[in-house]
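Working notes for the structure below.
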């Protein structure tokens, strides 16, 4: 008899996803799939718009990482203008970009993952949440909010209070930072860094408690991709793309990310609306790769800031030079928060951050432009084609969560095989399956371009296709 | 009395923009602070704690235009999901537990029908926006605020 288990979690904003576990006659997991079951054409919607509007429009794709879309879109716009933006504009863009990295990673760690990590994967679901964390660790919970607030303060200082600041524009940014703003942001910086360091120290003490999860939460060989500096260091705003293999070997280096189609392909599967990007020379699925914090620390030789570099050395001592377990996305995220804050401090310390030359003006000088940046969840590509008037004729967005699609599927399968043994799936097992996906911090609104009021569901299916069990988690 | 109106939703996703559309029309109302957000996020708890009264305005799939009271008591149930969305109840509970204050809170739900990408609201939502704004204004007139 075949059996199938499906997990279907979704919310109104972030698309419709479902996990299906196919069991064999012995009740073991034969196959597991993470489906996205709704798709909407956001790229199509952008056609007919002026490319100057694209940063503000694409930033609205996502309520969690709008700044990443702003950056990639504005960089595509820079390419269409064929300009090099002023140095002060790049500093300010980097500042905002890193602020969002801190803010987004803090949301992932403190509010989505800390209930599992601090209270345990088997804790009762009614208390395994941020409110449960507040009960037990009130100061930590406040720290998470303060970190997010510091990131938000930087974003709002630069871009204004609107949720989708239109301050980042093709050619640079629309206005400089004032000395008063700089002083205010500098004043909040020490506490933010201290909070990030304390959280990382706390997490390191927790790692031994989660040895089993570290072993089975998406622990498999794959390629890893991410931007690096010219020196090979950790990079989020610009740089060249590096791809390494599971042994740390550099498969490709100094790739021009704005010509991604030359080395990245996009496969499709009939059971998912997400595309499955892969490294073209190795083909699909061998060429599938992971992106995001774990991948960035795997491809980079170093971080480039003192505290993050020390943390990276310790992390590699524990987990290896190339870390394969997706559980360590959590560690990588916290190291990146520290790195982001150190870089923010460096940027704010530089008096040139308040320079007034922040925008290059030009007419459209090209018909095609690509902008690439490292979003919190991984490499983000915006690719536009325009006509003579600068009206968009084609858009392709290659999103981090899509690039991690195959890896998330493999993670689900690995966890399910480890924990599902033919007995009914318990809430704790369901939570571990979800947690394996959560480690990637997927943002389904970007990947699926979908909205809709939908629940989250897991289904268990037998070899004959009969539904054995449904676990539903209503998000609202 | 400080009233916080939070318009929830994505203005680029058709009727999902109903919440921000209502909130936008209340921006110049005396005593009202307006925030708009794709989704509820934890740091909004601080804004909530600083208010005497909070009105969440959100789109809904189908149904009728409704106004209901929201309490933080049930907020513990939307944890550990795969998404980044928090419920209004959770934001209220966060406000209570982190800052010791919970204002009176209401949820205005505006039923939508077309959530495809686009900046246009459906005709039915267009018709409901003034009614939703009026409903919020009636709440503002009622002297029901309290802080626990």
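Chains as they are written, first to last, in the numbering used here: chain S, 1 to 476; chain R, 477 to 624.
Beta carbons are placed, not taken as given, at the ideal position from N, Cα and C, and that holds for glycine.
These figures come from a predicted structure and were not determined experimentally.
- Under the 10 Å beta carbon count, residue 194 (chain S) is surrounded by fewer than 16 other beta carbons and is classified as exposed.
- Note: residue 298 (chain S) is not bridge-paired with any residue in the DSSP secondary-structure output.
- Distances from the CA of residue 479 (chain R) to each of R:529, R:515 and R:533 were compared; the closest alpha carbon is that of R:529.
- Taking CB atoms only, residue 392 (chain S) has no neighbour in chain R less than 8 Å away.
- Segment contact: the region 423 to 431 of chain S against the region 84 to 91 of chain S, fewer than three CB-CB distances shorter than 8 Å; contact not assigned.
- Proximity of residue 513 (chain R) to chain S, defined by a Cβ-Cβ separation below 8 Å, is satisfied.
- By the rule that beta-carbons nearer than 8 Å mark a contact, residue 403 (chain S) does not touch chain R.
- The C-alpha of residue 584 (chain R) lies about 45 Å from the C-alpha of residue 258 (chain S).
- Counting along the chain, the unbroken alpha helix (DSSP H) around residue 331 (chain S) starts and ends at 329 to 349.
- Secondary structure at residue 256 (chain S): coil, using DSSP grouped into helix, strand and coil.
- DSSP, reduced to helix, strand and coil, places residue 87 (chain S) within a helical segment of the structure shown.
- With fewer than three CB-CB distances shorter than 8 Å, the region 174 to 194 of chain S does not count as touching the region 126 to 133 of chain S.
- For residue 58 (chain S), the enclosing alpha helix (DSSP H) stretches over residues 54 to 58.
- Neighbourhood of residue 148 (chain S) in chain R, by CB distance below 7 Å: 518 and 519, in chain order.
- Chain R has no Cβ within less than 8 Å of the Cβ of residue 120 (chain S).
- When DSSP states are grouped into helix, strand and coil, residue 532 (chain R) belongs to the strand group.
- S:33 is the residue among S:85, S:66, S:33 and S:421 whose C-alpha sits nearest the C-alpha of residue 411 (chain S).
- Along the region 111 to 139 of chain S, the positions whose C-beta sits under 8 Å from a C-beta of chain R are 111, 112, 115, 116, 125, 126, 127, 128, 129, 130, 131, 132, 134, 135 and 138, read in chain order.
- Here the region 398 to 408 of chain S lies against the region 290 to 306 of chain S, with 3 or more beta-carbon pairs under 8 Å apart.
- Fully enclosed beta strand (DSSP E) runs of no fewer than 3 residues occupy 368 to 375, 378 to 386 and 392 to 398 of the region 359 to 442 of chain S, in order along the chain.
- Counting every other CB atom within 10 Å of its CB across the protein chains shown gives residue 611 (chain R) a total of 16 or more, marking it as buried.
- Scanning the region 477 to 550 of chain R for uninterrupted alpha helix (DSSP H) segments of 4 residues or longer gives 494 to 500 and 520 to 525, listed from N- to C-terminal end.
- For residue 217 (chain S), none of the residues of chain R pass the 7 Å Cβ criterion, the least Cβ distance being about 14 Å.
- Within the same chain, and ignoring the five residues on either side of residue 223 (chain S) in sequence, the residues whose Cβ sits closer than 8 Å to its Cβ are 243, 244, 245, 246, 251, 279, 282, 287, 288, 289 and 290.
- Look at residue 596 (chain R): its C-beta is not under 8 Å from any C-beta on chain S.
- Among the residues facing chain S, residue 566 (chain R) is included, as its CB has a counterpart in that chain under 8 Å away.
- Cβ proximity to chain S below 7 Å picks out 573, 574, 591, 592, 593 and 594 from the region 573 to 595 of chain R.
- Nearest CB-CB separation between residue 27 (chain S) and chain R: not below the 8 Å threshold.
- Bridge pairing for residue 224 (chain S): S:244 and S:290 [DSSP].
- Taking C-beta atoms as the reference points, residue 51 (chain S) and residue 337 (chain S) fail to come closer than 8 Å.
- DSSP, read as helix, strand or coil, puts residue 63 (chain S) in coil.
- Note that the region 143 to 152 of chain S touches the region 107 to 121 of chain S; at least 3 beta-carbon pairs, one per stretch, sit closer than 8 Å.
- Residue 501 (chain R) and residue 388 (chain S) have their C-alpha atoms some 38 Å from each other.
- The beta-carbon of residue 570 (chain R) is placed less than 8 Å from the nearest beta-carbon of chain S.
- With 16 or more other Cβ atoms from the protein chains shown falling within 10 Å of its own Cβ, residue 580 (chain R) counts as buried.
- Between residue 593 (chain R) and residue 381 (chain S) a beta carbon distance of about 19 Å is seen, past the 8 Å cut, so the two are scored as non-contacting.
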